[in-house]
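Start counting the sequence shown at 16; every next residue gets the next number (the working numbering).
Read through the structure below, which is laid out as structure tokens, and then see the notes.
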Amino acid sequence: MAKEKKPKILAFTKESQEKYSDVPDSLKWAIPIHECLNRPEVKLASKQQEEESKKRVMKKILKVVPDDAN
16 MAKEKKPKIL AFTKESQEKY SDVPDSLKWA IPIHECLNRP EVKLASKQQE
66 EESKKRVMKK ILKVVPDDAN
């Protein structure tokens, strides 16, 4: 059987604890999401997905033949 790939868990560092010390308890659930979204690889993937999405929309709107069809 293939090993399951476990998700990478990011622990809070002392720096991040100090950084978010003024965040109200009702919003602390969002800190891991915020930290994840600020990682360079996540930003890059997000930007690539956004560009691909824009291309798909433009092709649909303009009904442009994809470059692969030639």
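Idealized CB from N, CA, C, for every residue including glycine.
Because the structure is a prediction, the values reported are computed rather than measured.
Check: Report yes if the C-beta distance between I48 and V38 is below 8 angstroms; otherwise report no.; Outcome: no
Check: Note down the Cα distance separating W44 from V57, rounded to an integer number of angstroms.; Outcome: 19 angstroms
Check: Would you kindly report the start and end of the unbroken alpha helix (DSSP H) that includes K70?; Outcome: 55-77
Check: By how many angstroms is the C-alpha of P55 removed from the C-alpha of Q63?; Outcome: 12 angstroms
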